[in-house]
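Once you know that position 8 of the sequence shown is -1 in the numbering used here, the rest is easy, because the numbers rise by one and skip nothing. A virtual CB, placed ideally from N, CA and C, is assigned to each residue, including glycine. Below is one structure, written out as structure tokens, with a few remarks after it.
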Amino acid sequence: MHLTLRKILMVEFMQLADTQLGMQRHLSLQTMNNPEFRKERQQRWINNGFVPAGEAPNELPQNVTDMQEEKNNFSHTIDIANDIKPAFVMICGDLVNNLDQQDQKDAFSDVTKRLAPEIPLKVVPGNHDVCPDFYNASPDALSEYRKVFGHDYYSFLVEETLFIGLNSEIFDSSDLLGNEYAVQMEFIRDTLLSKEATEAHTICAFMHKPLFLENPLSDDSHGQLKPAHRMELMNLLESSGVELMLAGHLHHNREATYKNMKLVASGAVGYPISGSCGYRLVSITPENIAHEYHSL
-8 MHLTLRKILM
2 VEFMQLADTQ
12 LGMQRHLSLQ
22 TMNNPEFRKE
32 RQQRWINNGF
42 VPAGEAPNEL
52 PQNVTDMQEE
62 KNNFSHTIDI
72 ANDIKPAFVM
82 ICGDLVNNLD
92 QQDQKDAFSD
102 VTKRLAPEIP
112 LKVVPGNHDV
122 CPDFYNASPD
132 ALSEYRKVFG
142 HDYYSFLVEE
152 TLFIGLNSEI
162 FDSSDLLGNE
172 YAVQMEFIRD
182 TLLSKEATEA
192 HTICAFMHKP
202 LFLENPLSDD
212 SHGQLKPAHR
222 MELMNLLESS
232 GVELMLAGHL
242 HHNREATYKN
252 MKLVASGAVG
262 YPISGSCGYR
272 LVSITPENIA
282 HEYHSL
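Written out as structure tokens, the structure is:
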């Protein structure tokens, strides 16, 4: 009797979002002694989809002058990663809150140094990482991100699963970034036509902003990718076999589906606008994709 041993192709990884070091300090200073502005800020979150329907936002931080709580949450998450040893750790953007504040970038570097060297750290940028005003990316900010954090879009292969990291802000600020949109789209098309893609049993993508919240044809809101390039990107990814898109940005958990593609946004590590801080564990095999959010 001849026994054939079938290789088990399983990838288990950790996805994080919105470590956003400095956010609590920023919000605390912004709303200090101004209850009306606090209410306005929370209402803006509700209007833009940062709070699930029927839920109330968490209380805004008060009297915060440092990043200690965010650093503690991030450090605890890294310690968990060191314990469970995922194939890699992916952070889906908003690594820091203010890209021009060096102490935030230093704190991010200090915490990530805790990650065991055998566990790769992958990141993609969020609006707070490349947009000086939090909404509109600039060439200088994008250049600074690349200098500090590395490539803002790329692909890699693990156990015949192809992973693609994308820069959502190039889509949303395409009119401000020269040919960056065309270059990233060419990268996406080339990657999805590559030998790695055709031979992969699963393709998973990462981006900071969710493609959409509930309706793929919905109007513009800050909680989702702007509609200008949304359908083109979604149709390209879905028609090319991308089965899972993981995101962040909302600071709470949200799921949607577009045809055969699952869309999952994870809650924040740093400050939860709604729900709790946490991380997501994802397991991919040729037959199944499973994921679960774990609160800190």
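Alpha-carbon to alpha-carbon, residue j and residue i
i     : j    : result
E50   : M252 : 34 Å
D9    : F178 : 25 Å
T276  : F4   : 12 Å
L167  : V121 : 12 Å
V80   : S100 : 15 Å
Y144  : Q175 : 8 Å
A47   : S265 : 7 Å
L153  : A196 : 8 Å
R221  : H213 : 13 Å
I280  : D74  : 22 Å
N24   : E229 : 48 Å
M(-8) : H282 : Low per-residue confidence applies at M(-8): pLDDT is 40, beneath 50, and the placement is therefore not dependable, though the value from the model is reported in the following sentence. Rounded to whole angstroms, M(-8) to H282 spans 38 Å at the Cα level.
R(-3) : A188 : With a pLDDT of 48 at R(-3), under the threshold of 50, the modelled position of this residue cannot be trusted, and the question is left open.
I69   : A78  : 13 Å
L0    : P43  : 36 Å
H285  : V87  : 22 Å
R29   : P52  : 10 Å
S274  : F125 : 32 Å
A259  : L208 : 26 Å
Residue environment, residue i, which counts as buried when at least 16 other CB atoms sit within 10 Å
i    : result
A132 : buried
G169 : exposed
L184 : exposed
E278 : exposed
H240 : buried
F140 : buried
Q15  : buried
V2   : buried
Reference residue i, options the options, closest by Cα
i    : options                : result
V102 : V42, S66, I75          : S66
S199 : N226, H242, S209       : A quick correction: the sequence has His, not Ser, at residue 199. Cα-wise, what sits closest to H199 is H242.
V115 : K104, I161, P52        : I161
N64  : E278, Y262, N279       : Y262
Q95  : D57, A256, P130        : D57
L106 : V233, A72, R271        : A72
N158 : T152, E150, F147, Y172 : Y172
E190 : M1, Q34, L148          : L148
I155 : E109, G232, A219, F125 : G232
D91  : P123, K62, N226        : P123
G13  : E150, P218, Q93, A188  : Q93
K250 : S257, G258, E234, A259 : E234
Y136 : L112, Y126, G84        : G84
T248 : A259, C268, S267, M225 : M225
D181 : F28, H240, S146, C268  : S146
S257 : R35, H192, G141, I82   : I82
G269 : K186, K30, E150, E61   : E61
N39  : Y284, S274, K217, Q53  : K217
S19  : K186, P207, V55        : V55
L193 : K186, F41, E151, H142  : Looking at the sequence provided, one finds Thr at residue 193 rather than Leu. Out of K186, F41, E151, H142, E151 has the C-alpha closest to the C-alpha of T193.
Beta-carbon separation (whole angstroms), residue i vs residue j, contact threshold 8 Å
i    : j    : result
Q6   : L237 : 5 Å
L204 : R245 : 7 Å
H17  : N118 : Going by Cβ atoms, the distance from H17 to N118 rounds to 14 Å, so no, they are not a contact pair.
A219 : S164 : Their Cβ separation, rounded to whole angstroms, is 10 Å, which puts A219 and S164 out of contact at 8 Å.
L202 : L254 : 6 Å
T22  : R32  : 6 Å
K76  : I110 : 7 Å
Where the alpha helix (DSSP H) through residue i begins and ends
i    : result
K104 : Note, K104: premise wrong, no alpha helix (DSSP H); not H, not E.
H282 : Taken as a continuous stretch (DSSP letters only), H282 belongs to no alpha helix (DSSP H), being part of the beta strand (DSSP E) at 280 to 286.
I161 : 159 to 163
E60  : 59 to 75
V174 : 171 to 183
E223 : 218 to 230
Delimiting residues of the beta strand (DSSP E) encompassing residue i
i    : result
F125 : Where F125 is concerned, there is no enclosing beta strand (DSSP E), given that its DSSP letter is neither H nor E.
E246 : 245 to 249
E151 : From DSSP, E151 is part of no beta strand (DSSP E); its letter is neither H nor E.
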